[in-house]
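*Asks:* Sharing a structure here in structure tokens format.
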Amino acid sequence: MMPPAMTLPIILFSVCGFLGLAVMAVALGSSRRATPVLYGGASIVSLVALIASLIQLVAGGHVTPGLTLPMGVPWIGVHFRLDALSSFFVAVIDLGAAVASLYAIGYGRHEHEPLRVLPFYPAFLAGMNLVVLAGDAFTFLVSWEFMSLSSWALVMAHHRDPGNIRAGYIYLLTASFGTLCLLLAFGLMAGPAGGYTFETIRTAHYSGWVAALVLALVLLGAGSKAGLVPLHVWLPLAHPAAPSHVSALMSGVMTKVAVYAFIRVVFDLLGEPSWWSSMVVLALGGVTAVLGVLYALIQQDIKRLLAYSTVENIGIIYIGLGLALAFQANGVTAGTALALTAVLLHVLNHSLFKSLLFFGAGAVLSATGERDMDRLGGLIHRMPVTAFTFLVGSVAISALPPLNGFVSEWMTFQAILLSPNLPQWGLKFMIPAVGALLALSAALAAACFVRGFGITFLGRPRAQAAAQARETDRFSQSAMLLLALLCLLAGILPGVVIDALAPVIQSLIGGRMPLQGNVPWLSIVPIAASRSSYNGLLVFLFIAASAWIAALAIHRFASHAVRRSAAWDCGYPDPSPLTQYSAGSFSQPIRRIYGATIFEARERIEMPAPGDTGPARFRVDLKDLVWDWLYAPIAGIVNFTAGRLNHLQFLTIRRYLSLVFVALIVLLLVLAIWM
Amino acid sequence: MDQFAFDVAHLLAGGLVLISLTMLYQDRLSALIRVFALHAVVLALSVAWQAAIQHAPHLYITAAIALLFKAIIIPVSLLRIMKQLGVHREIDTVVGIGPTMLAGIGLIALSMVVMLRVTAESDPLAREDLAFALSVVLLGLLMMVTRRNVVSQVIGFMSLENGLILAATGAKGMPLVVEISVAFSVLIAFIVIGIFLFRIRERFDTVDVQALERLRGEDP
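So the protein sequences, as listed, match chains A and B.
Numbering-wise (this note's numbering), the first sequence opens with residue 251 and increments by one.
Numbering-wise (this note's numbering), the second sequence opens with residue 11 and increments by one.
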């Protein structure tokens with residue numbers, strides 16, 4: 251085993267390896283071997299970085315000496331550091347990257363223009379790694395922007411498809427806005443003296459309003475990348491536009507880099523939080539979770555559904571962060587540790603199952619060429635492995651035991667149940683309300699994925715393409731099976747993961763959750779055994795045993811005689827598969843309950859005129875209120891101002907001189923009055 | 011500081027401001043060019059006086075340059091151009107003379123207020139000089155803004171430049187190189203604008219900038 255001091259250089263060499271692969275992709279051009287070679291290489295390089303980061307994590311809380319490279323801004327240099335927090339996020343990133351690259355060895359063959367993806371993919375991986383390794387504000391911001399731009403290039407890979415140009419444009423705008431906010435936040439923290447390294451920032455103290463401003467800016471900057479409502483608009487456009495393995499990375503991993511930025515600044519650099527700041531974060535998290543899953547419920551496009559579900563999960567993560575802030579502001583270390591562990595666990599879990607689900611969607615897309623669920627169906631017979639793994643991912647993301655999604659959401663609820671101990675009445679009232687939102691979103695997520703899985707994989711094929719689908723290739727299958735296995739393992743052995751996360755929590759807040767390794771029977775006990783405990787393994791064994799016994803009993807006692815009869819047709823003897831329950835009909839009840847207010851959903855039936863033989867049509871009009879009330883006015887104001895200012899380009903010399911003259915006079919007047 | 015030397019420097023700088031105001035008052039081109047020549051002469055005197063009281067012989071060269079180019083060569087050739095173009099009687103103000111004069115007085119007051127406050131600790135001679143110089147600069151700019159004829163805009167620009175030289179010589183120790191380069195740049199600007207003047211004249215039969223605005227389809 252290598253000494254932990256070596257891990258940072260190894261990860262940095264892996265980053266160089268990614269950049270080398272990017273250059274190699276350009277050199278290889280459109281050669282047929284380029285796809286397997288590059289994705290295989292990326293997979294191996296990320297595996298190396300993953301192992302190094304795991305060693306660092308297991309070594310526990312030990313901060314490797316930082317590395318300063320003589321590059322970049324002359325008097326600052328480029329700092330890299332690897333503490334427990336960054337090594338956890340490096341592990342999340344490179345686990346996702348390794349599996350996504352494995353998946354792409356097979357999936358990448360379907361790419362029409364590989365040169366639009368291959369060079370940017372390793373660069374994107376390098377960018378994400380660099381963000382979490384950065385040890386000063388400049389390196390952080392440059393890596394952040396590098397990550398944004400390389401992912402933008404990947405979003406634009408299929409730029410000829412309708413809508414993708416707009417998606418890329420909106421993504422670029424939001425990414426620039428986010429970077430601007432982070433830039434201002436770091437500028438405020440560095441102060442006029444310009445201490446840009448994280449060490450200097452950490453030791454500095456901030457007055458109340460500076461801390462509040464920094465928190466707001468980081469919430470905007472990291473939140474826009476993570477997809478917090480109302481900054482989420484780019485996410486469901488951009489994530490589905492990229493090739494599926496990149497969608498998996500953007501949704502599963504890049505949003506986690508944004509969570510890293512938030513944790514790094516708020517919990518590590520900024521110092522003591524104030525309790526009301528947690529209320530803002532909690533409110534945003536709750537709204538994000540519910541709105542995200544409601545949007546996901548009404549989507550027909552399966553990749554867009556997954557993207558909105560990412561918004562929901564980011565909401566859950568931010569609820570956890572808000573809880574951690576509330577507990578930390580009141581000095582409740584056990585609560586902070588519990589909430590933060592739940593956050594980190596959910597970060598890991600979401601990266602696992604969201605990647606898995608995007609891989610499944612990509613496999614369906616490459617097999618049928620369809621993303622619209624109403625043109626799919628019956629795929630479980632033609633793509634059994636994809637269907638099984640997608641089912642595992644759906645169960646996990648719906649937070650059902652014994653899979654991993656349940657553990658992290660359960661721990662978040664445990665943290666919510668600690669809130670009556672908090673002294674502030676605002677928090678006492680707010681946290682249960684947010685808990686209700688969290689419960690609502692968990693239930694709606696389950697409905698959403700019943701719908702997503704059922705419409706896509708069950709029933710009869712709704713289109714010719716779905717009827718002729720073929721199972722995906724071996725590489726993609728193995729990647730999906732691997733992730734499904736990891737989801738199960740993290741679900742039945744959560745104690746191991748929680749103990750592995752302890753150094754991260756310890757280094758951030760100086761406390762940790764109780765050691766889970768000593769709890770008998772592999773249970774987890776977040777606070778005390780008298781309060782609550784959960785045993786994933788036991789639940790799993792119970793489910794497996796009862797299912798097995800039920801199956802056995804049915805086979806033992808049921809009649810073995812073969813009966814043949816017509817399948818039940820719900821009373822409609824229509825052979826067309828289009829009469830099946832569709833994605834739209836599944837979500838109709840929920841759309842009617844919530845949609846009328848939140849989406850201003852209007853259902854209309856257009857009957858043909860008497861004598862007209864045309865079909866009657868049923869239409870649902872949905873509005874995006876966030877877009878209509880927030881973004882459309884901003885776009886309108888920008889357009890109006892730009893139209894007005896356009897005249898300034900066509901003035902005469904004398905008018906330009908007058909402008910200069912007036913500006914000069916105004917400045918002099920200010921000087922005369924001010925002094 | 012010798013009180014007499016101070017008074018004379020003050021007189022010359024104030025005279026420059028006065029002549030700037032006179033330039034604002036001129037609405038005929040030929041008269042304007044003549045007043046500008048006077049402006050340059052007073053500037054040369056002022057610079058020479060500064061050279062004498064500061065014991066800085068290189069300022070005499072600056073004074074000579076100002077006298078030669080700005081008081082003789084440029085006005086003479088501009089007058090010649092005017093005569094060739096036949097525009098020496100044209101009236102060319104955008105804003106009426108009265109409001110322009112009032113604005114000019116306001117600008118002088120403003121520059122006095124600003125400069126006297128900003129330079130509270132410095133040498134009184136330099137203070138007064140800088141205040142007058144700023145007034146001259148602002149008045150030159152005002153002239154460029156309120157005239158629409160190319161020739162008077164050029165003159166406004168050169169009187170602005172005179173203000174800069176006044177400011178530079180008032181402060182001790184401005185290197186000669188800079189002044190020469192400034193002088194040459196003005197000369198080059200004059201040549202370039204002169205050439206353009208002929209070009210514009212050839213093409214549009216006028217040196218009124220408004221004609222160019224009309225050409226682009228803009229309202230004046």
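For each residue, glycine too, the CB sits at the ideal point set by N, CA and C.
From a predicted model like this one, the values you see are computed outputs, not experimental measurements.
Going by beta carbon distance, what residues of the same chain come within less than 7 Å of residue 349 of chain A, once the five residues before and after it are set aside?
*Replies:* Around residue 349 of chain A: 605, 729, 732, 733.
*Asks:* Compare the C-beta of residue 922 of chain A with all C-beta atoms of chain B and state if any pair is closer than 7 Å.
*Replies:* Answer yes: the Cβ-Cβ gap between residue 922 of chain A and chain B drops below 7 Å somewhere.
*Asks:* With which residues is residue 856 of chain A paired in a DSSP beta bridge?
*Replies:* Answer is A/867.
*Asks:* Which of helix, strand or coil does DSSP assign to residue 446 of chain A?
*Replies:* DSSP places residue 446 of chain A in coil when its eight states are reduced to three.
*Asks:* Can the beta-carbon of residue 935 of chain A be found closer than 7 Å to that of residue 372 of chain A?
*Replies:* Residue coverage of chain A in this structure runs from 251 to 925, which leaves residue 935 of chain A outside it and unanswerable.
*Asks:* What would DSSP say about residue 456 of chain A, mapped onto helix, strand or coil?
*Replies:* Residue 456 of chain A falls in the coil class under three-state DSSP.
*Asks:* With 16 as the cutoff for other CB atoms within 10 Å, does residue 449 of chain A come out buried or exposed?
*Replies:* So residue 449 of chain A ends up on the exposed side.
*Asks:* Say whether the segment 696-705 of chain A touches the segment 646-655 of chain A, bearing in mind that this needs 3 or more beta-carbon pairs closer than 8 Å, one atom from each stretch.
*Replies:* Short answer: they touch.
*Asks:* Could you name the residues that DSSP lists as bridge partners for residue 330 of chain A?
*Replies:* DSSP lists A/317, A/384 as partners of residue 330 of chain A.
*Asks:* When the Cα atoms are used, what is the spatial distance from residue 653 of chain A to residue 741 of chain A?
*Replies:* Using only the alpha carbons, I get a separation of about 4 Å.
*Asks:* Can you tell me the Cβ-Cβ gap for residue 658 of chain A and residue 556 of chain A, rounded? I've got them flagged as a contact below 8 Å.
*Replies:* Incorrect: roughly 18 Å between the Cβ atoms, too far for contact.
*Asks:* If you follow the alpha helix (DSSP H) that residue 759 of chain A is part of, which residue opens it and which one closes it?
*Replies:* That run of the alpha helix (DSSP H) goes 744-759.
*Asks:* So, helix, strand or coil for residue 777 of chain A, using DSSP?
*Replies:* Residue 777 of chain A: coil per DSSP, three-state reduction.
*Asks:* What does a CB cutoff of less than 7 Å around residue 290 of chain A pick up in its chain, not counting 5 residues either side in sequence?
*Replies:* Result list for residue 290 of chain A: 355, in chain order.
*Asks:* Apply the 10 Å Cβ neighbour rule to residue 504 of chain A and answer buried if 16 or more other Cβ atoms are within range, or exposed otherwise.
*Replies:* That one is buried.
*Asks:* If we cut at 7 Å on Cβ distances, does residue 918 of chain A have a partner in chain B?
*Replies:* Answer yes: the Cβ-Cβ gap between residue 918 of chain A and chain B drops below 7 Å somewhere.
*Asks:* Run the CB neighbour count on residue 816 of chain A, radius 10 Å, all protein chains shown included, and call it buried at 16 or more, exposed below.
*Replies:* When all chains shown are included, residue 816 of chain A counts as exposed.
*Asks:* Taking the continuous alpha helix (DSSP H) assigned at residue 851 of chain A, which residues delimit it?
*Replies:* Element bounds for residue 851 of chain A: n/a, residue is neither H nor E.
*Asks:* Can you find the residues in the same chain that come closer than 6 Å, C-beta to C-beta, to residue 278 of chain A, ignoring five residues on each side of it along the sequence?
*Replies:* Answer for residue 278 of chain A: 284, listed in chain order.
*Asks:* Could you tell me the alpha carbon to alpha carbon distance between residue 27 of chain B and residue 77 of chain B, rounded to whole angstroms?
*Replies:* Going by the C-alpha atoms only, they are around 18 Å apart.
*Asks:* Consult DSSP for residue 159 of chain B and reduce its assignment to one of helix, strand or coil.
*Replies:* If DSSP states are grouped into helix, strand and coil, residue 159 of chain B belongs with the strands.
*Asks:* Using the C-alpha atoms, what's the distance from residue 610 of chain A back to residue 495 of chain A?
*Replies:* Taking the straight line joining both Cα atoms gives about 10 Å.
*Asks:* For a quick check, are the C-beta atoms of residue 869 of chain A and residue 854 of chain A less than 7 Å apart?
*Replies:* Result yes, Cβ atoms of residue 869 of chain A and residue 854 of chain A sit closer than 7 Å.
*Asks:* Grab me the residues of residue 678 of chain A's own chain with a C-beta within less than 8 Å of its C-beta, minus the 5 sequence neighbours each way, in chain order.
*Replies:* Result list for residue 678 of chain A: 669, 670, 672, in chain order.
*Asks:* If contacts are defined as beta-carbon pairs under 8 Å, then residue 295 of chain A and residue 264 of chain A qualify, I think. What distance do you get, rounded to the angstrom?
*Replies:* 5 Å between Cβ atoms; contact.
*Asks:* Let me confirm a value: residue 889 of chain A is counted as buried when at least 16 other C-beta atoms fall within 10 Å, else exposed. Which label applies?
*Replies:* Exposed, since its Cβ has fewer than 16 Cβ neighbours within 10 Å.
*Asks:* What three-state label does DSSP hand residue 831 of chain A in the structure shown?
*Replies:* If DSSP states are grouped into helix, strand and coil, residue 831 of chain A belongs with coil.
*Asks:* Just checking my contact of residue 542 of chain A with residue 688 of chain A at CB under 8 Å: how many whole Å lie between their CB atoms?
*Replies:* That belief does not hold up - the Cβ atoms of residue 542 of chain A and residue 688 of chain A are roughly 12 Å apart, past 8 Å.
*Asks:* Please report how far the alpha carbon of residue 613 of chain A lies from the alpha carbon of residue 599 of chain A, in whole angstroms.
*Replies:* Computed Cα separation, rounded: 21 Å.
*Asks:* If we define contact as Cβ-Cβ less than 7 Å, is residue 57 of chain B a contact residue for chain A?
*Replies:* No, because no Cβ of chain A sits closer than 7 Å to the Cβ of residue 57 of chain B.
*Asks:* Shortest alpha-carbon distance to residue 772 of chain A belongs to which of A/861, A/784, A/571?
*Replies:* Selected option, being the one with the closest Cα: A/784.
*Asks:* In whole angstroms, give me the CA-to-CA distance for residue 252 of chain A and residue 633 of chain A.
*Replies:* Caution applies to residue 252 of chain A, whose pLDDT of 49 falls short of 50 and renders its modelled position unreliable; the model cannot decide the point.
*Asks:* Answer yes or no: does any C-beta atom of chain B fall closer than 7 Å to that of residue 868 of chain A?
*Replies:* By this cut-off, residue 868 of chain A is not an interface position.
*Asks:* Out of curiosity, what's the CA-to-CA distance linking residue 759 of chain A and residue 675 of chain A?
*Replies:* About 24 Å.
*Asks:* Classify residue 907 of chain A as buried or exposed, calling it buried when 16 or more other Cβ atoms lie within 10 Å of its own Cβ.
*Replies:* It counts as buried.
*Asks:* For the segment 140-154 of chain B, enumerate the residues whose C-beta is nearer than 8 Å to any C-beta of chain A, in chain order.
*Replies:* Residues passing the 8 Å Cβ filter: 148, 151, 152, 154.
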